[in-house]
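What follows is a single structure, written as structure tokens, with notes after it.
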Amino acid sequence: MELKPTLKDFTASEFKALVERIWAVDLPRLDHNHLINHFDRIVGHPKGADLLFAPDETGMEHDPDTVVHHVRQWHREQGLAAFKDDGGSLPPPPVRMTAVQHSLTNVRKIALDVAVSEQAVDLAFSVFGQRVQHFRSVQGVSLDIYDQENNIRELERAQHDSYLSTRKFEFFKMHIEFTRKIAQGDLKYARSDLAQWQDIAHQINGTYDRYIARLAAINQRHRTLHDEAEALMIAAQQKLIGSQTLAGASPALTVCRLQALLAIVGNRPNLLLEDESSALEFSQQVDLQKAIRSAVAEFTWRNTSDEPADEKHRAAVLQFEFTSRADNKVFGLSVPLFELMPVEGQDWQSLAAERSEVLVPVRMGSAVVPAKPGSMFRGLREVQSLEQVHITSSRHNLSAPRVRVRGAQSAEQPNSFSFTADGSAPITIEWSASTAVQTRVPDAPPPTHRVGFVYSSSIPPLELVTGSGEDVPIDDYIVVFPSETGLEPLYVVFGNRHE
Numbered sequence: 054m055e056l057k058p059t060l061k062d063f064t065a066s067e068f069k070a071l072v073e074r075i076w077a078v079d080l081p082r083l084d085h086n087h088l089i090n091h092f093d094r095i096v097g098h099p100k101g102a103d104l105l106f107a108p109d110e111t112g113m114e115h116d117p118d119t120v121v122h123h124v125r126q127w128h129r130e131q132g133l134a135a136f137k138d139d140g141g142s143l144p145p146p147p148v149r150m151t152a153v154q155h156s157l158t159n160v161r162k163i164a165l166d167v168a169v170s171e172q173a174v175d176l177a178f179s180v181f182g183q184r185v186q187h188f189r190s191v192q193g194v195s196l197d198i199y200d201q202e203n204n205i206r207e208l209e210r211a212q213h214d215s216y217l218s219t220r221k222f223e224f225f226k227m228h229i230e231f232t233r234k235i236a237q238g239d240l241k242y243a244r245s246d247l248a249q250w251q252d253i254a255h256q257i258n259g260t261y262d263r264y265i266a267r268l269a270a271i272n273q274r275h276r277t278l279h280d281e282a283e284a285l286m287i288a289a290q291q292k293l294i295g296s297q298t299l300a301g302a303s304p305a306l307t308v309c310r311l312q313a314l315l316a317i318v319g320n321r322p323n324l325l326l327e328d329e330s331s332a333l334e335f336s337q338q339v340d341l342q343k344a345i346r347s348a349v350a351e352f353t354w355r356n357t358s359d360e361p362a363d364e365k366h367r368a369a370v371l372q373f374e375f376t377s378r379a380d381n382k383v384f385g386l387s388v389p390l391f392e393l394m395p396v397e398g399q400d401w402q403s404l405a406a407e408r409s410e411v412l413v414p415v416r417m418g419s420a421v422v423p424a425k426p427g428s429m430f431r432g433l434r435e436v437q438s439l440e441q442v443h444i445t446s447s448r449h450n451l452s453a454p455r456v457r458v459r460g461a462q463s464a465e466q467p468n469s470f471s472f473t474a475d476g477s478a479p480i481t482i483e484w485s486a487s488t489a490v491q492t493r494v495p496d497a498p499p500p501t502h503r504v505g506f507v508y509s510s511s512i513p514p515l516e517l518v519t520g521s522g523e524d525v526p527i528d529d530y531i532v533v534f535p536s537e538t539g540l541e542p543l544y545v546v547f548g549n550r551h552e
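Structural data, given as structure tokens:
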């Protein structure tokens, strides 16, 4: 999409894409500011670029659709069309309806909306049922790993779509009950148009009765399909793990590539996944940064105080869930090294060239921890466990107290770098630069669905580490970029692939 010279050159959807691109905040600062300044120049609204960042006073949710609405509404009030596809003439003023007409229109709209939502549920259930039947039909068939993963993801997608359509249908319950109560009151106190008020009450009562009966049937059908799918996917996940082990393709034995944006390297911590340039939203990165700083401050104080050092503690700075059973659960976390220790006074280029090891006051590790019972659900399924990234003091890691220093190498693409960890089945991280914004806006990145229930506490509590948790190895590095990039060293830790 081009950065067109005037607002009238944009369609509403193109302008919304521009707003979404600004909100993504995954561009270099100069490019991001360029987008904001262009928005400010063309928008024509008195608030200018403040529309992007300041919620209005109407109580509406502040999102790209709201921004488009305010821009369009303001131009209409001036007798103008805001966007290219708005047309040159204003819509005719709304016809003023009587109370009876307004109530009848509302009741008919509710009946229509419920019918449309019901059709969406039926369609979602049909697809879900077909996926369940297909999944059951291939249980005894020998499939390769790719097909097994794809079948699981397809069934998960159908399960998720059915859950969403069911929830949307459930949302009508309170609205119908409220409208029914209003209609009964209007009929009770009507002074005129009694027959029409009776008809309205009759219509909403009929809609309510049909809705309640249908809701019960939908919830029952949803539960049946969900339970069938869960049983199939639990067995399929175990079969997939067995196939990966036999083929030598388990996460611990497979070469993996994680993707990252170069623009984030020196600014914020980030979760790194395969095929995901930014797994965390901007606000989640900020929350993670606050959690890391709080934990580092706590351990720094403990390391320099007279606190007893005979017990090992850790502070969880990030928790999340992989949403798919087919995911191999390989991940990394990158943090600017200056968040963990002072970087001045070290010749990092020489240390990387010599493949040295240095002492870092705090280290980061990973674990799989139980979720709080009854607190997290993915659809109808309760989430039982979460991935955790935590910080601990280095003085307790006696088996490997130092962190390896390695250099990032220039990649084939311009302004791109890569780093490969040690080991026979290493993980490689590839950092790439975002396309610079000149006259075109890069396509917005697709929303990630691979991780969920992302949480970072601003003041993470300390947990006592006992049992097997004390001996879990930490796979971490300090990555040094070429000096000409001007980038500070980066601390990288990988999740435990053996868990």
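Just remember that our numbering sits 53 ahead of the position in the sequence shown, which is counted from 1.
We put the CB at the ideal spot given by N, CA and C, even for glycine.
All of these numbers come straight from a predicted model, not from anything done at the bench.
Query, Result
"6 Å CB neighbourhood of Ser536 in its chain, flanking five on each side removed", "Gln402"
"Range covered by the beta strand (DSSP E) that runs through Arg310", "Cys309 to Leu314"
"Spatially closest choice to Val553 from Leu105, Ile235, Asn90 and Gln131, by CA coordinates", "Any property of residue 553 remains undetermined from this structure, which presents the chain solely from 54 to 552."
"Length of the line joining the Cα atoms of Gln399 and Thr357", "21 Å"
"Proximal residues to His91 (C-beta, below 6 Å), its chain only, five neighbours per side dropped", "Leu56"
"Rounded C-alpha distance that separates Gln557 from Leu433", "In the structure displayed, the chain extends from 54 to 552; residue 557 sits before or after that span and is not available."
"Stretch-stretch touch, CB-based, cutoff 8 Å, three pairs: the segment 275-288 with the segment 201-219", "yes"
"C-alpha gap between Arg408 and Ser469, whole angstroms", "21 Å"
"Contacts around Pro304, its chain only, beta-carbon distance under 6 Å, and the 5 residues preceding and following it disregarded", "Asn381, Val383 and Arg550"
"Proximity of Phe506 and Phe335 at Cβ, strictly below 8 Å", "no"
"Alpha-carbon spacing of Thr64 relative to Ile253, whole angstroms", "40 Å"
"Rounded C-alpha distance that separates Ala497 from Ala77", "Note that Ala497 scores a pLDDT of 40, beneath 50, so its modelled location is shaky; the value from the coordinates is reported in the next line. Using only the alpha carbons, I get a separation of about 8 Å."
"Residue from Glu440, Thr376 and Asp475 whose Cα sits closest to the Cα of His213", "Thr376"
"Classification of Val169 by the beta-carbon crowding that lies within 10 angstroms, buried from 16 upward", "exposed"
"Residue range of the alpha helix (DSSP H) that includes Ser347", "Phe335 to Thr357"
"Selection from Trp484, Ala368 and Leu386 that minimises the alpha carbon distance to His443", "Ala368"
"Pair within 8 Å by beta-carbon distance, Tyr544 and Leu333", "no"
"Span of the alpha helix (DSSP H) around Asn159", "Ala152 to Ser190"
"Three-state secondary structure (DSSP) of Asn323", "strand"
"Pick from Tyr530, Tyr508 and Ser510 that is closest to Thr481, judged by C-alpha positions", "Tyr530"
"Own chain partners of Ile75 with C-beta closer than 8 Å, once the 5 adjacent residues on each side are dropped", "His85, Leu88, Ile89, Phe92 and Leu105"
"His91 beta carbon near the ligand ADP (any heavy atom closer than 7 Å)", "With respect to the ligand ADP, the structure shown offers nothing to examine, as it has no ligands at all."
"3-residue-minimum beta strand (DSSP E) runs that sit fully inside the segment 70-109, ordered along the chain", "none"
"Coarse secondary structure for Ser477, derived from DSSP in three states", "coil"
"The segment 238-248 contacting the segment 405-423, beta-carbon criterion three pairs below 8 Å", "no"
"DSSP three-state assignment for Leu515, whether helix, strand or coil", "strand"
"Anticipated Cβ contact below 8 Å, Gly418 with Val546, distance rounded", "7 Å"
"Proximity below 8 Å, CB of Glu17 to CB of Arg310", "A query on residue 17 cannot be resolved here, the shown segment of the chain reaching from 54 to 552 and no further."
"Bounding residues of the alpha helix (DSSP H) (the contiguous stretch that carries Ala270)", "Leu247 to Leu299"
"DSSP beta-bridge partners of Ser419", "Val442"
"Residue range of the alpha helix (DSSP H) that includes Val318", "Here Val318 belongs to no alpha helix (DSSP H), and DSSP marks it neither H nor E."
"Nonlocal neighbours in the same chain, by C-beta distance under 7 Å from Ala348, ignoring five residues either side", "Ala368, Val370, Ile444 and Pro513"
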